[in-house]
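First the structure, in the form of structure tokens, and then the observations on it.
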Amino acid sequence: MADIDLSSVGKTYAAMPALQDITTRFEDGEFIALLGPSGCGKTTLLRILAGFEEPSSGSIRIGTREMSNAQTGENIPPEDRNIGFVFQSYALWPHMSVRRNVSYPLEIRRFSKAEIGKQTDAALASTGLEKYADRMPSDLSGGQRQRVALARCLVSDPCAVLLDEPLANLDVALRATMQGVFTDFHKRTGATMIYVTHDQAEAMAMADRIAVMDQGRIQQFDTPQTLYERPRNRFVAEFVGRGTVVPVQEIKQAGDAQQARILGTEVAVQSARQEARVSHVCLRPENLTITESGDLRSKVARVTYMGGKYLLETVTDCGARLFAETRARFEVGAQLGLTITAPWAFSED
Amino acid sequence: MPLTLPSLAAGTAITFVTALGNFGIPAMLGIPAGYATLPTLVYQKLAGMGTTVLAEVSVLAMLIGAVAVAGIALQRLCQSRQKLHLVGSTSRPLALPLGAARLPVEVLLWAVVFAILVLPMFGLLATSLVPAYGVTLRFDTVTLASWYEVLFRQPVTSRAFANSFGLAAGAAVALVTVCLPLAWLMERRKTRLARLFDGLLDLPYALPGVVLSIAMILLLIKLPFTEATLYGTIWIIFLAYLARFFAVMFRPVQASLKQFDPGMDEAAQSVGASLFRRLRDVIFPLSAPAAAAGAILVFLTAFNELTVSALLWSSGTETLGVVIFNLDDSGETGMASALAMTIVLVVIVLMALIQLFSRRFPKGVVPWQT
């Protein structure tokens, strides 16, 4: 168990910055998700934490130990960090049985035979793998393989578990089940977990806090709810959830409340207190109501059935594309009116 | 044609280099006819006058080496150009329906195989069974005298068997030990030095054996700081074999490590396994089939080797190839054929044994099965 401190961590590959000035703190026992599009630097950050890569600048502390320091060149190798790593490719050892895969970390630690047997059995039982102990990894399905990898992590009692898109190779139905397995694992062990994914639903479902990354920087690091409701910039607003960012044309301060002109209509907006000058708002389906008398006239461009409700992609008269949800069915090309209520506003240069 | 042209050119270049450096065939067929090639010229000079002509043969070796390197460079150039074309998906194999012509074409192809593989074998067998070269093989002329003489009366034969077996097995074992960790390190740390080494690695195998042998003599005739010499001992042949067959061992191992998911090594690292433990418990077991395949290839090639040992042997360190060559050279064609047939049989038996146990080996151990 340990908290993790990163201070101005950067990584450069052949003069191309992959990570820039990451300073943040992961609390002990937290379930953190690193979320972002491919190439945003999330996997690089994870591999630097594990010790597979060295940072080009900055330093990393896990618990009481300084693991990497680019200034002194000090870098504790992965094998001495006591960190668990779960790979997208599972990375099981194909020549060892399931039991040997799980017991290998204990062999390395020179535990007694009896102790190895006991702990291995416990790890296999807690991941539901008792029946498969004597099989080879090639005989297992993807989900079972990832359970073996998790059990292998479990026995070595790591101070943090790093997971690199562990569910990316599984089908949708299995992902939901495996999310439950990871959540249980986190509850039972209380280990600090850092989970890299490009799937926001996965991150939202499991993580205590999500770090949204883009272009080598953490754009926003908050709870899933805050990320969704109070995005700090255009990237987060558009990447998390379904949202359209539109510019604010005019802003009026009326006491605590802010009144903005958006797409030609006057709307009361919410924003963080420190944002003196908001420039954009994020319009999510929750902020839009369909009414006959709505002052924002728009035309339905596409209808998607979402099970129980429809998602409408509409185009306003001034050309903005907005997403609205409705239980009633509309035809493509239908004219309707939209009313905007309490959208989130932020400043963006 | 435009697509296969680089491959054809590369093939032509490498055929040229191989033919340029070939020693066995021109030595057996060319020397008696007074027809010299560069490698046989080197051999004759060195055999006739010993190490006093070293400077002279070095120049010849350099000449062969330079031409061969040019050929190899051409081959690499062609291959690197070919890589550009290999982006499209592979189509299904080309099938030309021959119709009625199929039977004659098949007969013709089998006839070619028969002519270049089977007929020479029968020739060997026939020659080994007659009392003297030129006697026609009939029921009343058949004799096993040559076989008996070469296998049981000549002490050099058993010595050569022991030498060749020891050299081949030793080279295979030594190369496995060196190549596995080396290939792994080169795969994990792609430094400039590693890339340079990777580029040079095929040279001792691709270069004519004569060039390698002369280089070995010059290198080892007088060990630095001592009066000792390895020339005339079996160790010079052993070291030359290590150099020559390095690529044969290294490439399959390297190919198997390239397919390796680096995650498997990193997973072992993250659970606390040291470099030594990872090599022992994960890397070696997984690349063992490729290493075994390489070792089998090295053994079989080294067992039949002539070019390198022809220049490096001395009394007591004869290899099988050298013994056959000397027997033939001194006119004992019958005995040479009998010994050659024996080696063919030994190799066939070895391959049959490997084939027999192939089901118990992991996939990929037997080099001629994919």
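Residue numbers (our numbering), protein chains in the order written: chain S, 907 to 1255; chain U, 6 to 375. Don't be surprised by glycine CBs; every beta carbon is placed ideally from N, CA and C.
Item	Value
Boundaries (first-last residue) of the alpha helix (DSSP H) holding Ser963/S	Segment Ser963 to Ile968 is the beta strand (DSSP E) holding Ser963/S; no alpha helix (DSSP H) there.
9 Å Cβ cut-off: residues of chain U touching Glu985/S	Ala273, Gln274, Ser275, Val276, Gly277, Ala278, Ser279, Leu280, Arg282 and Arg283
Beta carbon proximity, Val287/U to chain S, threshold 9 Å	yes
Per-residue burial, Arg194/U [other beta carbons within 10 Å of its own, 16 or more giving buried]	exposed
Reference Ala422/U; option with closest CA among Ala52/U, Gly16/U and Leu13/U	In the structure as shown, chain U begins at 6 and stops at 375. Residue 422/U is therefore absent and cannot be evaluated.
Inter-residue CB distance, Gln994/S and Glu1071/S (contact presumed, cutoff 8 Å)	4 Å
Test: Ala921/S CB closer than 9 Å to a CB of chain U	no
Through-space distance from Trp115/U to Ala105/U, alpha-carbon basis	17 Å
Backbone secondary structure at His1092/S - three-state DSSP	helix
Contacts that Asp207/U makes with chain S (C-beta to C-beta distance below 7 Å)	Chain S residues near Asp207/U: none, gap ~28 Å exceeds 7 Å.
First and last residue of the uninterrupted beta strand (DSSP E) at Trp1250/S	Trp1250 to Phe1252
Ser1062/S classed as buried or exposed, judged by whether at least 16 other C-beta atoms fall within 10 angstroms	buried
Short-range partners of chain S found in the stretch 185 to 200 of chain U, where Cβ spacing is below 9 Å	none
Length of the line joining the Cα atoms of Leu1073/S and Gly1161/S	49 Å
Interface partners of Gly268/U on chain S, CB under 7 Å	Phe993, Ser995 and Ala997
Assigned secondary structure, Arg1136/S (DSSP; H/G/I helix, E/B strand, else coil)	coil
Same chain, Cβ closer than 7 Å to Leu951/S, five either side skipped, listed in chain order	Leu925, Ile928 and Leu940
Residue range of the alpha helix (DSSP H) that includes Ile348/U	Thr338 to Leu361
Rounded C-alpha distance that separates Leu912/S from Asn975/S	10 Å
Best match in Met340/U, Asn309/U and Gly336/U for proximity to Gly4/U [C-alpha to C-alpha]	For chain U, the structure presents residues 6 to 375; residue 4/U sits outside this window and is missing.
Per-residue burial, Asp286/U [other beta carbons within 10 Å of its own, 16 or more giving buried]	buried
Chain-ordered neighbours of Ala1248/S on chain U, where CB pairs are closer than 7 Å	Ordered by position in chain U, no residue passes the 7 Å Cβ test against Ala1248/S, which lies about 47 Å from the chain.
Residue from Thr1245/S, Asp1223/S and Ile910/S whose Cα sits closest to the Cα of Leu1194/S	Thr1245/S
Environment of Thr363/U [buried if 16+ CB atoms lie within 10 Å]	The sequence given here has Ser at residue 363/U, not Thr. It counts as exposed.
Proximity to Cys946/S [Cα-Cα], best of Arg971/S, Ala1109/S and Arg1123/S	Arg1123/S
Contact check, Ala298/U vs Pro257/U, beta carbons under 9 Å	yes
Beta-carbon gap between Ala1166/S and Ala1178/S smaller than 9 Å	no
Contact between the stretch 130 to 137 of chain U and the stretch 332 to 342 of chain U (3+ Cβ pairs under 8 Å)	yes
Buried versus exposed, by CB contacts within 10 Å (16 or more), Thr20/U	exposed
Val1102/S beta carbon less than 9 Å from that of Leu1076/S	no
From Lys1093/S, Gln1085/S and Glu980/S, residue whose alpha carbon lies closest to that of Gln1106/S	Gln1085/S
Counted within 10 angstroms of its Cβ, other Cβ atoms place Ser914/S as buried (16 or more) or exposed	exposed
Length at least 4, wholly inside the stretch 110 to 189 of chain U: the alpha helix (DSSP H) runs in chain order	124 to 133 and 150 to 153
Interface residues of chain S facing Leu291/U [CB-CB closer than 9 Å]	Trp999, Pro1000 and His1001
Of the residues Gln1164/S, Leu1202/S and Ile1196/S, the one placed nearest His1186/S, counting alpha carbons only	Gln1164/S
is_contact[Phe1127/S, chain U] using C-beta, thresh 9 Å	no
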